[in-house]
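*Asks:* Okay, here's the structure, questions in a sec.
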Amino acid sequence: MGHSRLPLFAVPRLQIRVAQGRTPAHVESDALRTVLFNLPTKSTALKLVGLLINVAMVSMVADFLYRPLFDTHDDLIFTRVGAVYHDAAKIVVRYPGAEEGVRIVWKQVSGVAASLGATNDDWESGWTDGPLVSLSEETDWVGTTKIENLWTSTKYQYRLAAANATLLPYPAKPVPFKTFPDPRIPGTKFKFVASSCILPNFPYVPFLPSTRIKGFQLLSQHLDASKDSSSAPLTASISEAVEGAISSVSSLASSVVEAVTAPTSTPAVVSAIPTAVPEVLTAETSEEVETEFMILLGDFIYADVPRKPRDDKELFRSAYREVYASDDFRNVYERLPTFNIYDDHEISNDYNGYSNESTYIWANASSAWYTYQGQANYDSTVATKDANGNKPFYFDFSYGDVAFFVLDTRRYRSVTGVNVSEGDIETILGEKQMADLTKWVGKVNSTAAFKFIVSSVPLTGMWGGLNGQTDTWAGAKTHRGEFLELLEYVPNVVVISGDRHEFAAVEHLGANSIHEFSISPFSQFYVPFLRTFWESNASKRNVTTTMNVTNEDDVVETLEVSELVETEKILKYMPHGHYKWGSFEVDTTNASAPTVKLDLLIDGVKAWEYTIVGKPVEYTGSTALNPGAIAESVTEGVRNVLNRLGRIFG
Numbered sequence: 000m001g002h003s004r005l006p007l008f009a010v011p012r013l014q015i016r017v018a019q020g021r022t023p024a025h026v027e028s029d030a031l032r033t034v035l036f037n038l039p040t041k042s043t044a045l046k047l048v049g050l051l052i053n054v055a056m057v058s059m060v061a062d063f064l065y066r067p068l069f070d071t072h073d074d075l076i077f078t079r080v081g082a083v084y085h086d087a088a089k090i091v092v093r094y095p096g097a098e099e100g101v102r103i104v105w106k107q108v109s110g111v112a113a114s115l116g117a118t119n120d121d122w123e124s125g126w127t128d129g130p131l132v133s134l135s136e137e138t139d140w141v142g143t144t145k146i147e148n149l150w151t152s153t154k155y156q157y158r159l160a161a162a163n164a165t166l167l168p169y170p171a172k173p174v175p176f177k178t179f180p181d182p183r184i185p186g187t188k189f190k191f192v193a194s195s196c197i198l199p200n201f202p203y204v205p206f207l208p209s210t211r212i213k214g215f216q217l218l219s220q221h222l223d224a225s226k227d228s229s230s231a232p233l234t235a236s237i238s239e240a241v242e243g244a245i246s247s248v249s250s251l252a253s254s255v256v257e258a259v260t261a262p263t264s265t266p267a268v269v270s271a272i273p274t275a276v277p278e279v280l281t282a283e284t285s286e287e288v289e290t291e292f293m294i295l296l297g298d299f300i301y302a303d304v305p306r307k308p309r310d311d312k313e314l315f316r317s318a319y320r321e322v323y324a325s326d327d328f329r330n331v332y333e334r335l336p337t338f339n340i341y342d343d344h345e346i347s348n349d350y351n352g353y354s355n356e357s358t359y360i361w362a363n364a365s366s367a368w369y370t371y372q373g374q375a376n377y378d379s380t381v382a383t384k385d386a387n388g389n390k391p392f393y394f395d396f397s398y399g400d401v402a403f404f405v406l407d408t409r410r411y412r413s414v415t416g417v418n419v420s421e422g423d424i425e426t427i428l429g430e431k432q433m434a435d436l437t438k439w440v441g442k443v444n445s446t447a448a449f450k451f452i453v454s455s456v457p458l459t460g461m462w463g464g465l466n467g468q469t470d471t472w473a474g475a476k477t478h479r480g481e482f483l484e485l486l487e488y489v490p491n492v493v494v495i496s497g498d499r500h501e502f503a504a505v506e507h508l509g510a511n512s513i514h515e516f517s518i519s520p521f522s523q524f525y526v527p528f529l530r531t532f533w534e535s536n537a538s539k540r541n542v543t544t545t546m547n548v549t550n551e552d553d554v555v556e557t558l559e560v561s562e563l564v565e566t567e568k569i570l571k572y573m574p575h576g577h578y579k580w581g582s583f584e585v586d587t588t589n590a591s592a593p594t595v596k597l598d599l600l601i602d603g604v605k606a607w608e609y610t611i612v613g614k615p616v617e618y619t620g621s622t623a624l625n626p627g628a629i630a631e632s633v634t635e636g637v638r639n640v641l642n643r644l645g646r647i648f649g
């Protein structure tokens, strides 16, 4: 639960008769002390001033805590982009009262159509009818759909329309999005941002909207500054486009021949393979790498503030509506795809699910979260429903040859000292999620340049404070050890975590170092005087070494020496700042030295940067080197070029 900084009020100068032997300065000092500390006084004026200050403070606290319970934003209308694929995108819509549904209409603004002059900038015409989103009061008028059969790495925009395709007044201008690169083709460069912990109108400022979220204000300004550097798309004539398609297919055909004739027993390090869709039709030039998406790691709402939620799904839903009603957030989610996972405050403080889904609080909290957040996420490629038919909320996705796995650290956890029964094993992920993660690691180990694992709570064991050793991975030490053991021989793993309202960068040491960046809060409190991150909590393990020693009798003896060695080290710790996020720039275009560069922004200003130079990527099992996959890409590329050119020009 957070706290706000309440402004100090100036005390008016008072006309008070000065007693003999006392100076006006003494009297003024006594008056100020009386008002500030609410001391007893015979002065009616001082009593009145003290009363007014106390009433003002109580009113502001009440306004901060309880106004969201009465201003429920039932009439909220919004739309945003969720999961983005190389050939599709999910769209979320909330439109109260639209019982016949809302239709998505879309158009292409870069790539083939733009290069060949087949699009226009008219916001009122040129739209292609897309899917109809079903909406109902039962789902709080929220629905999700998917636009499919899109070009790879291409910019689009969409609007909302009635079921008969008549444009609706919202949004006033089209919402943009860009499809991801083909995951079968190595070599990409992009940015994304990540953070966690959001509380509207914090620190509290009276007379401003309760939906003010300054973290999003600062992020929007950051995105604007980056966008100014981007340049206009390339153009090409029809003949150049078709010629480019033929050239690209020819290059890919050569790649197939090389892949077929090359030895299969020797790992090959690949720097580039040509794409099936010609660059002249899809590419754009840009000096500044654009931010492609945002990952929010949890504590998106504080459903347990000012009190634990009751058996009322509507209380959870209204908390999400409050955040989406924020104009500051709207300026971000109408321009940037956003992916979400939850942490404890979407349910209850320090929540431990223990795979028990029969409680009312889980049923209501998870339903509201799925309505507003979960259904817009990716459909996992490795996760399946559990034995009871429940769909998992953790998911994975790829951006080109970079893989992501977003963990669920609350639903299945049981942590030491909280709710573990005798004989139970502490866990953060649960047995099934751990198995699915293991499956994912096997899948991406030799197909992805970098592997990002997103955890709502920190992996490092160095957090302390009231719950730092129970609410993080430190609360399940055995399971944490199994998790690190799984990743020890996987190169180029990066963990992104949040929750602690401070920033810390940690390197987990091993055969392959794992870098962790714990980033929060995005727009919330931090503790200005107390530190909760301690190097003395660093994880250690026994390391046994052998040595040969010659004794007094000239006999060589082998001795074993054991010592405790730290397995993690601090790279940076920065606790200060109400508004923190990480901007990650990933570059895998050089397969022999792929990089991840983190820019840490605190209060909107870059405070620290760090670059990871990854190990060379050996695509030993990659579909990028699989002749069948390349041939499929060639065939698909030819088919897409011909079909879509035909669609454009009739």
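With numbering that gives the first Met the number 0 applied, the sequence shown covers 0 to 649. For each residue, glycine too, the CB sits at the ideal point set by N, CA and C.
Under the criterion of a Cβ to heavy atom distance below 7 angstroms, does residue 508 qualify as lining the ligand GDP?
*Replies:* Among the ligands in the structure shown, none appear at all, so the ligand GDP cannot be discussed.
*Asks:* Given a cut-off of 8 angstroms, decide if residue 438 and residue 381 are closer than it, judged by their beta-carbon atoms.
*Replies:* Reading the sequence shown from its first residue, position 382 is the one you call residue 381. Reading the sequence shown from its first residue, position 439 is the one you call residue 438. In contact: residue 381 and residue 438 (Cβ atoms closer than 8 angstroms).
*Asks:* Going by CA-CA distance only, name the one from 55, 300, 187, 169 that's closest to residue 205.
*Replies:* The residue you call residue 205 lines up with position 206 of the sequence shown. Of the listed residues, the one whose Cα sits closest to residue 205 is 55.
*Asks:* Ordered along the chain, which non-local residues of its own chain (more than five positions away) have a Cβ less than 6 angstroms from that of residue 147?
*Replies:* Translated into positions along the sequence shown, residue 147 becomes position 148. Excluding positions up to five away in sequence, the list reads 87.
*Asks:* State the CB to CB distance for the pair residue 339 and residue 295, rounded to an integer number of angstroms; the pair is presumed to be in contact (CB under 8 angstroms).
*Replies:* Residue numbering aside, residue 339 sits at position 340 when the sequence shown is read from its first letter. Residue numbering aside, residue 295 sits at position 296 when the sequence shown is read from its first letter. Indeed they touch by this definition, with Cβ atoms about 5 angstroms apart.
*Asks:* Which runs of the beta strand (DSSP E) spanning at least 3 residues fall entirely within the region 446-474, listed in chain order?
*Replies:* Segments of the beta strand (DSSP E) lying fully in the region 446-474: 449-453.
*Asks:* Does the structure place the region 488-502 close enough to the region 290-304 that three or more beta carbon pairs sit under 8 angstroms?
*Replies:* Counting Cβ pairs under 8 angstroms, three or more are found: they touch.
*Asks:* Quick check on residue 293: buried or exposed, where buried means 16 or more other Cβ atoms within 10 Å of its Cβ?
*Replies:* Residue numbering aside, residue 293 sits at position 294 when the sequence shown is read from its first letter. By the neighbour-count rule (16 or more Cβ atoms within 10 Å), residue 293 is buried.
*Asks:* Might you give, ordered along the chain, the residues of its own chain that have their beta carbon closer than 8 angstroms to the beta carbon of residue 130, omitting 5 neighbours on each side?
*Replies:* Residue mapping note: residue 130 aligns to position 131 of the sequence shown, counting from 1. Closer than 8 angstroms at Cβ, skipping near neighbours: 102, 103, 144, 145, 146.
*Asks:* Assign residue 591 to one of two classes, buried (16 or more other C-beta atoms within 10 Å of its C-beta) or exposed (fewer than that).
*Replies:* Counting from one through the sequence shown, the residue named residue 591 turns up at place 592. By the 10 Å Cβ count, residue 591 comes out exposed.
*Asks:* What is the rounded straight-line gap between the Cα of residue 349 and the Cα of residue 303?
*Replies:* Within the sequence shown, numbered from 1, the residue matching residue 349 stands at position 350. Within the sequence shown, numbered from 1, the residue matching residue 303 stands at position 304. Using only the alpha carbons, I get a separation of about 11 angstroms.
*Asks:* Classify residue 199 as helix, strand or coil using the three-state DSSP reduction.
*Replies:* Here residue 199 refers to the residue found at position 200 when the sequence shown is read from its first residue. Three-state result, residue 199: coil.
*Asks:* So, at 6 angstroms on beta carbons, what are the nonlocal neighbours of residue 154 in its own chain, with the 5 sequence-adjacent residues on each side left out?
*Replies:* Residue 154 sits at position 155 when you count from the first residue of the sequence shown. If we look at residue 154 and ignore the five residues flanking it on each side, its Cβ neighbours are 108, 109, 177.
*Asks:* According to DSSP, is residue 138 part of a helix, a strand, or is it coil?
*Replies:* By 1-based counting over the sequence shown, the position of residue 138 is 139. In the structure shown, residue 138 sits in a helix (DSSP, three-state: H, G or I).
*Asks:* With a threshold of 16 other CB atoms inside 10 Å of the CB of residue 79, please say whether the residue is buried or exposed.
*Replies:* Residue mapping note: residue 79 aligns to position 80 of the sequence shown, counting from 1. Buried.
*Asks:* Look at the alpha carbon of residue 487 and the alpha carbon of residue 507, and state the distance between them as a whole number of angstroms.
*Replies:* For the purposes of this step, residue 487 is identified with residue 488 of the sequence shown, where counting begins at 1. For the purposes of this step, residue 507 is identified with residue 508 of the sequence shown, where counting begins at 1. About 9 angstroms.
*Asks:* I'd like the list of long-range same chain contacts for residue 510, defined as Cβ closer than 8 angstroms, with 5 residues on each side in sequence excluded.
*Replies:* Taking the sequence shown and counting its residues from 1, one reaches residue 510 at position 511. Correct list, in chain order: 487, 488.
*Asks:* For residue 107, list the residues DSSP reports as bridge partners.
*Replies:* In the sequence shown, the residue the question calls residue 107 occupies position 108. Answer is 155, bridged to residue 107.
*Asks:* Please report the straight-line C-alpha distance between residue 368 and residue 356, rounded to a whole angstrom.
*Replies:* By 1-based counting over the sequence shown, the position of residue 368 is 369. By 1-based counting over the sequence shown, the position of residue 356 is 357. Those two C-alpha atoms are separated by around 14 angstroms.
*Asks:* With a threshold of 16 other CB atoms inside 10 Å of the CB of residue 363, please say whether the residue is buried or exposed.
*Replies:* Looking up residue 363 in the sequence shown gives position 364. Its Cβ being crowded by 16 or more others within 10 Å, residue 363 is buried.
*Asks:* Once you ignore the five residues that flank residue 598 on each side, which residues in its own chain have a CB closer than 6 angstroms to its CB?
*Replies:* The count along the sequence shown starts at 1 and reaches residue 598 at position 599. Excluding residues within five positions, the ones whose Cβ falls inside 6 angstroms are 582, 605, 608.
*Asks:* Is residue 602 buried or exposed, if buried means 16 or more other CB atoms sit within 10 Å of its CB?
*Replies:* Within the sequence shown, the letter at position 603 stands for residue 602. Per the 10 Å Cβ criterion, exposed.
*Asks:* Between which two residues does the beta strand (DSSP E) carrying residue 569 extend?
*Replies:* Your numbering for residue 569 matches position 570 in the sequence shown. Element bounds for residue 569: 567-573.
*Asks:* Where in the region 30-110 do unbroken runs of the alpha helix (DSSP H), each at least 4 residues long, occur, reported from the N-terminal end onward?
*Replies:* With a minimum length of 4 residues, the continuous alpha helix (DSSP H) runs that stay inside the region 30-110 are 43-69.
*Asks:* Check whether the region 370-377 and the region 436-450 are in contact - that is, three or more C-beta pairs closer than 8 angstroms.
*Replies:* No, the region 370-377 does not touch the region 436-450.
*Asks:* Once DSSP output is grouped into helix, strand and coil, what is the label at residue 360?
*Replies:* Here residue 360 corresponds to residue number 361 of the sequence shown, with the count starting at 1. Three-state DSSP puts residue 360 in a helix.
*Asks:* Check whether the Cβ atoms of residue 288 and residue 190 lie closer than 8 angstroms to each other.
*Replies:* If you number the sequence shown from 1, residue 288 lands on position 289. If you number the sequence shown from 1, residue 190 lands on position 191. A contact, by the Cβ cut-off of 8 angstroms.
*Asks:* From the DSSP output, in three-state form, read off residue 412 for me.
*Replies:* On the sequence shown, position 413 is the one that residue 412 refers to. Correct three-state label for residue 412: coil.
*Asks:* Are there 16 or more other CB atoms within 10 angstroms of the CB of residue 546, so buried, or fewer, so exposed?
*Replies:* Within the sequence shown, residue 546 is the residue found at index 547, counting from 1. Burial call: exposed.
*Asks:* Have a look at the DSSP bridge pairing and note the partners of residue 541.
*Replies:* Reading the sequence shown from its first residue, position 542 is the one you call residue 541. Paired residue(s): 563.
*Asks:* Is the beta carbon of residue 447 closer than 8 angstroms to that of residue 402?
*Replies:* The residue labelled residue 402 in the question sits at position 403 within the sequence shown. The residue labelled residue 447 in the question sits at position 448 within the sequence shown. Yes, Cβ-Cβ distance for residue 402 and residue 447 is below 8 angstroms.
*Asks:* Shortest alpha-carbon distance to residue 585 belongs to which of 560, 126, 47, 491?
*Replies:* As a first step, residue 585 must be located in the sequence shown, where it is residue number 586. Nearest of 560, 126, 47, 491 to residue 585, Cα basis: 491.
*Asks:* Give me the Cα-Cα distance between residue 175 and residue 52, rounded to the nearest whole angstrom.
*Replies:* As a working note, residue 175 is residue 176 in the sequence shown. As a working note, residue 52 is residue 53 in the sequence shown. In a straight line, the C-alpha of residue 175 is about 48 angstroms away from that of residue 52.
*Asks:* Are the beta-carbon atoms of residue 473 and residue 425 separated by less than 8 angstroms?
*Replies:* Reading the sequence shown from its first residue, position 474 is the one you call residue 473. Reading the sequence shown from its first residue, position 426 is the one you call residue 425. No, they are not a contact pair.
*Asks:* Quick check: the Cα distance between residue 255 and residue 151, rounded to an integer number of angstroms?
*Replies:* Counting from one through the sequence shown, the residue named residue 255 turns up at place 256. Counting from one through the sequence shown, the residue named residue 151 turns up at place 152. Annotation note: pLDDT 45 at residue 255 (below 50); position unreliable, coordinate value reported separately. If I take the Cα positions, the gap works out to 21 angstroms.
*Asks:* By Cβ distance, which residues of its chain are closer than 6 angstroms to residue 13, with the 5 residues on each side in sequence left out?
*Replies:* For this step, residue 13 is matched to residue 14 along the sequence shown. Low local confidence applies: a pLDDT of 47 at residue 13 is under 50, so the model's placement there is unreliable, with the coordinate-based value given in what follows. Counting only Cβ-Cβ distances below 6 angstroms, and skipping sequence neighbours, we find 30, 44.
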